[in-house]
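All remarks here apply to the structure that follows.
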């Protein structure tokens, strides 16, 4: 009895000792499906690393961007791992706000990362963030609605066809909207889509001399098309809908078409989540016949802010969440179709993945077609497909997004929104010294 008591006491002491020496890292992430899944699977991480405890801060996309930007700019140190995009990584790395990821381990296989993704997360040949998933944009559409309407998706659809098809399959009495598109204000919400749309119409944010271009006919044509289409065939309250809201609508069978991130394909085709999983097909993002399909290139990535005092533990977690073994873990638990896409060459060489994910090939094709150095038809002085890779864009893009969301909601006209966007952009670019 005394021996048993002593052993129990010793075990309790050891457990207490381990707990007292455990290091807690705080992870800020977005409330997208792949990140929620990652949180569900972290028992695997804590079993392998009992000396590291995880604290999660999971936020809506716009809120996440605001919180992590404020914290890192001030050196606040609230977070040890941040989920950020390939827009922020090179800008923040250049500012000295991110730590180089040089502790991911010998088995991480950095060379397996897709070259375009790795390049966007590097500065001077050094990796400053690890990609959790990557994406471009494409059309997701209901084959049953197209068939019932006598429609066939072209190999290279134009916006004219999309507009006609969306209006034709709209059935408001049965709560079916012909199309769902982002309307929620934010540089990474509605402006990600609208910028890609404008690119495909031949529009651009700035000309070669950094003069804003919202007063040009390409922007008028693109934005008027968008507002008219959403009024005719979009859901009510569209100005409040971002990626997650439209995903839910599509999964519930309330959207005939959705143009958005390729990463959504695994969720709309998953029968556990989507009521239309067996009625979905995919097509290239539309153009206006000019050959520019508005491809974007985006990745959600995990990075360590320079203000973190727990860099080693943070990199240990990042290595777990973004390496090949994590992909295999998701495949084992939830199937190959649900693994995070768009980051590694080996995934697209994996026959099991290609067999399970009908969207694998169109996703890779869209990502490979993205040319962030020439995002529009006309020459531009910036890089970025659905964003402009300058520090000022975060604030400017959000302000313009608010103007455009208000126009979609009927609070202003298309012409007024474009005129205000032109004035705001001119003022900001003058203040920042791009133009005089």
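In our numbering, the protein residues as written are 202 to 637.
The beta carbon of each residue, even a glycine, is placed where N, CA and C say it ideally should be.
Computed from a predicted structure; not experimentally measured.
Legend entry - Option in 232, 315 and 384 with minimal Cα separation from residue 461: One-based indexing of the chain shown puts residue 461 at position 260. Cα-wise, what sits closest to residue 461 is 384.
Inset, instruction - Report the rounded CA-to-CA distance for residue 559 versus residue 275, giving the unit in angstroms. - result: What you label residue 559 is simply residue 358 of the chain shown in a count that begins at 1. What you label residue 275 is simply residue 74 of the chain shown in a count that begins at 1. So the two alpha carbons sit approximately 44 Å from each other.
Inset, instruction - Quick one: grab the DSSP three-state call for residue 578. - result: Counting from one through the chain shown, the residue named residue 578 turns up at place 377. Correct three-state label for residue 578: coil.
Inset, instruction - For the beta strand (DSSP E) holding residue 226, just list the boundary residues, first then last. - result: Within the chain shown, residue 226 is the residue found at index 25, counting from 1. Looking at the DSSP string, the run of the beta strand (DSSP E) that includes residue 226 is 224-231.
Inset, instruction - Leaving aside the five residues before and after residue 304 along the sequence, list all residues of the same chain whose C-beta is less than 7 Å from its C-beta, in chain order. - result: If you number the chain shown from 1, residue 304 lands on position 103. Cβ within range, chain order: 513 and 516.
Inset, instruction - Measure the alpha-carbon distance for residue 408 versus residue 331 and round it to whole angstroms. - result: Within the chain shown, residue 408 is the residue found at index 207, counting from 1. Within the chain shown, residue 331 is the residue found at index 130, counting from 1. Pairing residue 408 with residue 331, the inter-Cα distance amounts to about 32 Å.
Inset, instruction - Rank 370, 508, 488 and 451 by C-alpha distance to the C-alpha of residue 434 and give the top, closest one. - result: Residue numbering aside, residue 434 sits at position 233 when the chain shown is read from its first letter. The shortest Cα separation from residue 434 among 370, 508, 488 and 451 belongs to 370.
Legend entry - Residue from 405, 497 and 454 with nearest C-alpha to residue 476: One-based indexing of the chain shown puts residue 476 at position 275. Comparing alpha-carbon positions, the option among 405, 497 and 454 lying closest to residue 476 turns out to be 454.
Legend entry - Length at least 4, wholly inside the segment 369-456: the alpha helix (DSSP H) runs in chain order: You should have 391-401, 418-434 and 444-452.
Legend entry - Whole-angstrom distance between residue 625 and residue 551, CA atom to CA atom: Taking the chain shown and counting its residues from 1, the one referred to as residue 551 is at position 350. Taking the chain shown and counting its residues from 1, the one referred to as residue 625 is at position 424. Computed Cα separation, rounded: 48 Å.
Legend entry - Proximity winner among 362, 406, 510 and 574, relative to residue 487 (alpha-carbon distances): Position 286 of the chain shown, counting from 1, holds the residue named residue 487. With distances taken between Cα atoms, residue 487 lies closest to 362.
Inset, instruction - Grab the span of the beta strand (DSSP E) containing residue 502 for me, first residue to last. - result: As a position in the chain shown, residue 502 is number 301, starting the count at 1. Unbroken beta strand (DSSP E) run through residue 502: 499-504.
Inset, instruction - Pull up the CB-CB distance for residue 311 and residue 328, whole angstroms please, since I reckon it's below 8 Å. - result: In the chain shown, counting from the first residue as 1, residue 311 sits at position 110. In the chain shown, counting from the first residue as 1, residue 328 sits at position 127. Rounded, the Cβ-Cβ distance is 6 Å, consistent with contact.
Inset, instruction - Please state whether DSSP places residue 206 in a helix, a strand or coil. - result: Along the chain shown, one-based indexing puts residue 206 at 5. Residue placement at residue 206 is flagged as unreliable, the pLDDT there being 49, under the threshold of 50; a coordinate-derived value is accordingly withheld.
Legend entry - Counted within 10 angstroms of its Cβ, other Cβ atoms place residue 237 as buried (16 or more) or exposed: Residue 237 sits at position 36 when you count from the first residue of the chain shown. With fewer than 16 other Cβ atoms from the protein chains shown falling within 10 Å of its own Cβ, residue 237 counts as exposed.
Inset, instruction - Locate the beta strand (DSSP E) running through residue 335, then write down its first and last residues. - result: Your numbering for residue 335 matches position 134 in the chain shown. Counting along the chain, the beta strand (DSSP E) containing residue 335 begins and ends at 331-336.
Inset, instruction - Tell whether a beta-carbon distance below 8 Å holds between residue 629 and residue 604. - result: Walking along the chain shown from the start, residue 629 turns up at place 428. Walking along the chain shown from the start, residue 604 turns up at place 403. Going by C-beta atoms, residue 629 is not nearer than 8 Å to residue 604.
Inset, instruction - Assign residue 167 to one of two classes, buried (16 or more other C-beta atoms within 10 Å of its C-beta) or exposed (fewer than that). - result: Since the first residue shown for the chain is 202 and the last is 637, residue 167 is missing from the structure and cannot be characterised.
Inset, instruction - Rounded to whole angstroms, what's the CA-CA distance from residue 309 to residue 520? Just pull it up for me. - result: Counted from its first residue, the chain shown places residue 309 at position 108. Counted from its first residue, the chain shown places residue 520 at position 319. Taking C-alpha positions only, residue 309 is separated from residue 520 by approximately 7 Å.
Legend entry - Beta-carbon separation (whole angstroms), residue 542 vs residue 463, contact threshold 8 Å: In the chain shown, the residue the question calls residue 542 occupies position 341. In the chain shown, the residue the question calls residue 463 occupies position 262. The Cβ separation is near 7 Å, so the contact holds.
Inset, instruction - May I have the straight-line CA-CA distance separating residue 231 from residue 388, to the nearest angstrom? - result: As a first step, residue 231 must be located in the chain shown, where it is residue number 30. As a first step, residue 388 must be located in the chain shown, where it is residue number 187. Cα to Cα, residue 231 sits roughly 15 Å from residue 388.
Inset, instruction - Would you identify the three-state DSSP class for residue 273, choosing helix, strand or coil? - result: Residue mapping note: residue 273 aligns to position 72 of the chain shown, counting from 1. In the structure shown, residue 273 sits in a helix (DSSP, three-state: H, G or I).
Legend entry - Local conformation of residue 625 per DSSP, three classes: Within the chain shown, numbered from 1, the residue matching residue 625 stands at position 424. In this structure, residue 625 counts as helix in the three-state DSSP scheme.
Legend entry - Integer Cβ distance of residue 366 from residue 382, believed to fall under 8 Å: Mapped onto the chain shown, residue 366 falls at position 165. Mapped onto the chain shown, residue 382 falls at position 181. In fact, because the Cβ distance is near 14 Å, the residues do not count as touching under 8 Å.
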